[in-house]
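First the structure, in the form of structure tokens, and then the observations on it.
Here's what the structure looks like:
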């Protein structure tokens with residue numbers, strides 16, 4: 059056989075091997091989509107088998123965490139193959155995803171992971187990359203298979219469109235206090251949410267935050283946090299400064315689509331073996347007045363928290379205290395700056411109300427957005443929340 063013929067055969071064999079290899083090379087890709095700033099958008103990680111018998115996948119999703127939050131769920135093709143999708147945040151802006159289970163089943167072409175990308179309120183218009191890295195595919199026996207990847211993007215347009223959903227009039231952290239926010243997504247699709255924390259003087263309040271595993275968020279310290287709540291899912295966000303730290307107080311705003319509701323749980327560690335708790339709902343009402351019953355008799359005391367949810371106006375809140383017979387006892391006023399807050403013990407601020415059973419009316423300024431919270435505390439230190447009634 060001449061050298062030329064032998065060389066030609068080698069080239070043909072190499073080409074055939076290359077074609078065979080390419081035909082067996084599976085591919086992962088991410089959609090490219092468009093979203094309004096301040097909203098969330100669904101997209102998918104898609105798989106093409108190209109003849110490969112892929113039974114498991116692992117890959118990392120890389121994104122700019124200052125402009126985006128990601129949620130993950132099993133795609134239709136992963137579910138039909140009996141695969142479970144696991145995800146965890148391994149670094150800021152880096153989520154690791156694993157698809158595994160029922161190794162006898164292989165993946166077919168289509169969506170294997172459904173993503174929900176929340177474009178944060180502070181994001182500028184533009185395109186933000188979603189990158190696939192460290193991608194690995196394996197067959198039923200655990201052998202590594204060739205896999206290529208294609209990145210995607212989320213293009214942000216316009217400005218934030220979601221209005222604030224509601225207010226928690228108090229957040230307390232440190233000095234034995236912990237506040238937990240439990241948010242429930244009643245919608246059949248994953249939803250983006252934001253919690254923002256404010257000081258008494260209306261400046262941003264940075265707090266240490268931890269998250270339930272389903273949110274895929276690393277612990278952080280921030281005055282504002284974006285995250286994605288799974289469809290029909292629950293999110294838990296908690297803040298707790300070290301016990302030795304002085305108590306820090308303020309208030310919290312939730313921004314999320316209609317259908318995301320929630321409550322806050324205040325927990326106080328009164329002893330090494332006893333925690334006291336009170337739960338308050340998210341405040342979404344803006345009535346002309348809030349009325350708060352109080353009972354300062356028989357050793358009971360009442361705590362009050364007020365928050366001004368306005369981003370533009372000072373809240374000059376007029377107060378009327380009445381006894382149980384409805385007779386007016388006193389009047390007063392409290393001025394809160396833009397996004398301001400205050401909290402106090404009623405008997406300390408108004409000593410004349412010691413030993414009195416009655417009510418406090420807080421008049422919402424015209425066009426205002428205040429929130430009122432009451433806590434009832436007994437002689438043992440046990441506490442419970444007092445619902446404020448709209449008038």
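Residue numbers (this note's numbering): 59 to 449.
All C-beta atoms in this analysis are idealised placements derived from N, C-alpha and C, irrespective of residue type, glycine included.
Here the structure is a predicted model, which means the values were calculated and not measured.
Secondary structure of residue i, DSSP reduced to three states
i, result
"residue 176", "strand"
"residue 191", "strand"
"residue 435", "strand"
"residue 407", "helix"
"residue 137", "helix"
"residue 100", "strand"
"residue 301", "coil"
"residue 345", "coil"
"residue 273", "helix"
"residue 81", "A caution first: residue 81 carries a pLDDT of 48, below 50, which makes its placement in the model too unreliable to give a value."
"residue 362", "strand"
"residue 163", "coil"
"residue 295", "strand"
"residue 198", "coil"
"residue 381", "strand"
"residue 443", "strand"
"residue 169", "strand"
"residue 289", "coil"
"residue 412", "coil"
"residue 328", "strand"
"residue 95", "coil"
"residue 131", "strand"
Cut-off 6 Å between Cβ atoms - residues of its own chain near residue i, not counting five sequence neighbours on either side
i, result
"residue 111", "164, 197"
"residue 79", "Any reading at residue 79 needs caution, since the residue's pLDDT is 42, under 50, leaving its predicted position unreliable; the model's value is listed next. Nothing listed; no residue qualifies."
"residue 244", "317"
"residue 361", "403, 433"
"residue 289", "246, 247, 248"
"residue 161", "113, 198"
"residue 268", "277, 296"
"residue 321", "240, 337, 339"
"residue 415", "353, 355, 382"
"residue 132", "143"
"residue 224", "312, 340, 341, 342"
"residue 421", "347, 376"
"residue 194", "116"
"residue 439", "328"
"residue 172", "102, 131, 133"
"residue 181", "95, 125, 214"
"residue 447", "349"
Per DSSP, cross-strand counterpart(s) of residue i
i, result
"residue 374", "393"
"residue 267", "278"
"residue 339", "321"
"residue 157", "115, 143"
"residue 88", "103"
"residue 351", "417"
"residue 152", "120, 149"
"residue 400", "364"
"residue 211", "90, 187"
"residue 429", "365"
"residue 313", "252"
"residue 206", "85"
"residue 125", "None; residue 125 has no bridge partner."
"residue 448", "348"
"residue 308", "229"
"residue 334", "326"
"residue 450", "With the chain covering only 59 through 449, there is no way to say anything about residue 450."
Contacts around residue i, its chain only, beta-carbon distance under 7 Å, and the 5 residues preceding and following it disregarded
i, result
"residue 151", "120, 121, 122, 123"
"residue 108", "81, 82, 83, 84, 85"
"residue 335", "323, 324, 325"
"residue 227", "309, 341, 363, 364, 365, 429, 430, 431"
"residue 259", "395, 398"
Cutoff 8 Å; reference residue i; Cβ partners in own chain excluding five residues on either side
i, result
"residue 184", "213, 214"
"residue 135", "105, 165, 166, 167, 168, 169, 170"
"residue 300", "232"
"residue 449", "345, 346, 347, 348, 349, 419"
At least 3 beta-carbon pairs within less than 8 Å: the segment 245-257 vs the segment 301-318: yes
Sufficient close CB pairs (3 or more, under 8 Å) joining the segment 273-285 to the segment 204-218: no
Please confirm if the segment 258-265 is in contact with the segment 317-330, defined as three or more CB-CB distances below 8 Å between the two stretches. no
Scan the segment 216-262 and note each continuous beta strand (DSSP E) run of 3 residues or more that stays entirely inside, going in chain order. 224-231, 235-243, 249-256
Would you call the segment 98-114 in contact with the segment 155-173, where contact means no fewer than 3 C-beta pairs closer than 8 Å? yes
Does the segment 141-156 touch the segment 87-100, meaning 3 or more C-beta pairs lie closer than 8 Å? no
Give a yes or no on contact between the segment 348-367 and the segment 407-427, applying the rule of three or more CB pairs nearer than 8 Å. yes
Cβ contact (3+ pairs, closer than 8 Å) linking the segment 339-348 and the segment 278-287: no
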